[in-house]
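Working notes for the structure below.
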Amino acid sequence: MNPVVTVFRRELASYFATPVAYVFIVIFLLLAGALTFYYGGFFERGQADLQPFFIYHPWLYLFLVPAIGMRLWAEERKSGTIELLLTLPITMWQAVLAKFLAAWAFVGIALALTFPIWITVNYLGEPDNGVIVASYLGSLLMAGAFLAIGSCLSAATRNQVVAFILTVVICFLLLMAGFPLVQGFFQSLLPQGAVDAIAGLSLYTHFIAIAKGVVDLRDLIYFALTIGVWLYATAIVIDLKKAD
Amino acid sequence: MGDLTMIETSQLTKRYGQFTAVDGISFKVQPGEVLGFLGPNGAGKSTTMKMIAGFLAPTAGSAKVCGFDVESQPIQAKRALGYLPEGAPSYGEMKPRAFLEFVADVRGMSGEQKKKRIDDVIGRLQLESVLAQSIDTLSKGFKRRVGLAQAILHDPPALILDEPTDGLDPNQKHEVRALINAMAHDKIIVISTHILEEVHAVCTRAVVIAGGKLLADATPAELEARSRYHGAVSLTAVNTGAARQALARVADIESIEIDPQDHRITAFPKKGRAIFMPISDVLKSQNIEVSELQLESGRLDEVFRSITLPEAKEASA
Chain C
1 MNPVVTVFRR ELASYFATPV AYVFIVIFLL LAGALTFYYG GFFERGQADL
51 QPFFIYHPWL YLFLVPAIGM RLWAEERKSG TIELLLTLPI TMWQAVLAKF
101 LAAWAFVGIA LALTFPIWIT VNYLGEPDNG VIVASYLGSL LMAGAFLAIG
151 SCLSAATRNQ VVAFILTVVI CFLLLMAGFP LVQGFFQSLL PQGAVDAIAG
201 LSLYTHFIAI AKGVVDLRDL IYFALTIGVW LYATAIVIDL KKAD
Chain Z
1 MGDLTMIETS QLTKRYGQFT AVDGISFKVQ PGEVLGFLGP NGAGKSTTMK
51 MIAGFLAPTA GSAKVCGFDV ESQPIQAKRA LGYLPEGAPS YGEMKPRAFL
101 EFVADVRGMS GEQKKKRIDD VIGRLQLESV LAQSIDTLSK GFKRRVGLAQ
151 AILHDPPALI LDEPTDGLDP NQKHEVRALI NAMAHDKIIV ISTHILEEVH
201 AVCTRAVVIA GGKLLADATP AELEARSRYH GAVSLTAVNT GAARQALARV
251 ADIESIEIDP QDHRITAFPK KGRAIFMPIS DVLKSQNIEV SELQLESGRL
301 DEVFRSITLP EAKEASA
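Right under this line is the structure:
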């Protein structure tokens with residue numbers, strides 16, 4: 001069996017070895033529901049779509065995904081198992097990728113468990129299911145980007161709280177870069193090209209683009225690059241910090 | 001190209017900024033040898049082992065495991081090696097069998113062979129009684145044994161064990177040493193320890209490391225021969241004064257020391273002289289009663305101190 005698959009399976013199983021995983025999933029589902037129904041006005045809008053559901057995902061992930069990401073490497077370093085893992089016949093890349101994919105799959109499971117809301121909206125009306133599938137894809141990609149950032153910062157410290165806070169801060173900045181508030185601020189300082197570049201870096205901009213139902217290759221490349229770059233950085237940081 | 005059957009390091013060096021943790025260490029270990037790494041805490045033993053195991057990259061120099069360079073052929077080198085990291089880390093939430101299955105899978109074992117190897121190490125390290133518990137809940141001794149099981153699972157030609165008996169009770173220490181001895185005849189084994197009795201119990205050769213430098217490389221007997229106690233004779237006499245006077249007649253005795261606690265007499269020979277027979281003859285002819293008479297082979301702890309202390313002073317200066 002490929003070592004990536006082996007490590008992936010062990011990691012994913014380890015999430016469910018403690019009640020924490022179940023608590024996480026319950027909190028995620030409760031918050032996703034509450035935001036959709038209370039703040040999104042799911043019923044009041046009278047429209048058969050899941051926009052009020054997906055629109056809050058960036059903010060939901062902002063706190064929940066770093067909580068998953070923070071333990072990825074910090075835990076391995078604290079318990080010393082990083083030494084065990086990296087002296088098995090497995091490359092650094094395989095280890096980084098396997099652990100990331102396991103965390104991503106876990107978030108994916110939590111996201112998939114929101115399926116009743118999809119059933120609900122189909123029961124109440126006739127939504128555009130293509131848009132909903134695209135939104136789920138966008139949401140999953142955004143979670144992946146958050147996790148890749150979390151993976152890198154988790155590798156930088158053995159303190160999980162520090163890893164959590166740093167990840168929240170960076171994810172927050174990357175979200176806010178696409179908001180009119182931030183855009184307006186930069187518009188007075190920088191040429192339009194630079195402002196567009198900052199907006200182009202924003203996770204939020206690309207998420208919203210996909211969530212509208214338009215799966216543009218550029219948005220996919222953006223997420224793939226973001227995940228790739230942060231995972232690459234993870235491997236570098238692990239190498240640098242191994243001796244500590 | 002290095003020898004295919006050895007662990008070999010050449011000028012292995014690790015620096016952290018200005019600090020040199022390991023300073024140009026070279027040695028070779030062959031199958032059938034059990035090499036003991038001796039040295040005070042912080043001497044660079046673990047860092048050296050981490051570099052051979054492929055966890056840390058050397059700043060300079062190289063290490064080869066069974067002919068594979070740990071930097072340019074890391075996967076092959078890691079396949080040939082079983083490694084017990086310091087503190088025997090393992091995934092605490094797993095049960096021992098699941099953990100061993102994980103390691104077996106990563107090492108590419110499958111089917112009958114995997115099951116056979118896992119059953120074999122579980123038997124060898126007597127893990128049967130704890131198979132139902134997660135590793136987190138195990139005692140220190142059992143955790144260490146799970147770590148050892150993981151290291152020998154793929155029956156590697158080379159083994160590196162960082163403090164394999166640390167934290168074990170005397171019975172468990174004995175078992176682990178017996179296990180190492182049983183594996184020793186066809187494997188390359190490197191262990192680190194700061195327990196000197198362990199050198200006698202398992203090692204065929206010992207290197208002393210302090211301040212990152214290799215200060216001695218010898219068999220345990222050769223190391224003992226460096227001791228000033230080597231060839232000395234100790235005895236406990238019923239009448240200490242009379243015994244002392246009798247010993248004054250032996251020409252080859254350089255000096256005599258008497259332990260103030262138990263009045264045990266130790267006579268040191270002049271360089272290269274044997275004094276056991278002359279002493280026993282004198283005691284017989286003078287009719288001096290002794291309750292104990294012993295030829296000293298040398299004291300490792302004293303040799304260890306004399307080798308490592310100048311270094312330690314240098315390092316702290």
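Protein sequence lines correspond, in order, to chains C and Z. Under the working numbering, the residues of the first sequence are numbered 1 to 244, in order. Under the working numbering, the residues of the second sequence are numbered 1 to 317, in order. Glycine included, every Cβ here is placed at the ideal spot set by N, Cα and C. Keep in mind that this is a model prediction, so the values were computed, not measured.
Fill in: Z/Thr219 burial status per 10 Å Cβ neighbour count (16 or more: buried)
exposed
Discussion item. In whole angstroms, give me the CA-to-CA distance for Z/Thr236 and Z/Leu293.
Written reply: 7 Å
Worksheet item: To the nearest angstrom, how far is it from the Cα of C/Pro89 to the Cα of C/Gly200?
Response: 40 Å
Fill in: the segment 188-204 of chain Z in contact with the segment 120-140 of chain C per 3-pair CB rule at 8 Å
no
Discussion item. Three Cβ pairs or more, each shorter than 8 Å: is that satisfied between the segment 201-221 of chain Z and the segment 19-38 of chain Z?
Written reply: yes
Discussion item. For Z/Val34, list the residues DSSP reports as bridge partners.
Written reply: Z/Ile189
Worksheet item: Alpha carbon to alpha carbon, what distance is there between Z/Glu71 and Z/Lys45?
Response: 19 Å
Practice prompt. Could you pull out every residue in the same chain whose Cβ sits closer than 7 Å to the Cβ of C/Gly40, ignoring the five residues on either side in sequence?
Written response: Pro52, Phe53, Ile55, Tyr56
Worksheet item: Any idea which residues DSSP pairs Z/Asp69 with across the strands?
Response: Z/Lys64
Item to complete: Give me whichever residues DSSP pairs with Z/Ser255 in a beta bridge.
Response: Z/Phe268
Fill in: CB contact check: Z/Gly298 to chain C, cutoff 8 Å
no
Worksheet item: Should C/Ala100 and C/Ser151 be called a contact, given that it needs their Cβ atoms to be closer than 8 Å?
Response: Position check: residue 100 of chain C holds Phe in this sequence, whereas Ala was assumed. Yes, these two residues count as a Cβ contact at 8 Å.
Worksheet item: Of all the CB atoms in chain C, is at least one closer than 8 Å to the CB of Z/Ala53?
Response: yes
Worksheet entry | Local Cβ density within 10 Å of Z/Val303, reported as buried at 16 or more and exposed below that | buried
Worksheet entry | Nearest-angstrom Cα separation, counted from Z/Lys116 out to Z/Ala104 | 11 Å
Worksheet item: At least one CB of chain C closer than 8 Å to the CB of Z/Glu93: is that the case?
Response: yes
Item to complete: Reducing DSSP to helix, strand and coil, say where Z/Ala317 ends up.
Response: Legend: pLDDT at Z/Ala317 = 40, less than 50; position of this residue unreliable, no value from coordinates given.
Worksheet item: What is the rounded straight-line gap between the Cα of C/Ala235 and the Cα of Z/Lys173?
Response: 38 Å
Practice prompt. Examine chain C for any beta-carbon lying closer than 8 Å to the beta-carbon of Z/Val208, and answer yes or no.
Written response: no
Worksheet item: Curious, which full-length alpha helix (DSSP H) runs of at least 4 residues does the segment 72-104 of chain Z contain?
Response: 74-79
Worksheet item: What is the DSSP secondary structure of C/Gln94, reduced to helix, strand or coil?
Response: helix
Discussion item. Among Z/Arg264, Z/Asp252, Z/Leu127, Z/Pro58, whose alpha-carbon lies nearest the alpha-carbon of Z/Val146?
Written reply: Z/Leu127
Item to complete: Report the three-state DSSP secondary structure of C/Ala224 (helix, strand or coil).
Response: helix
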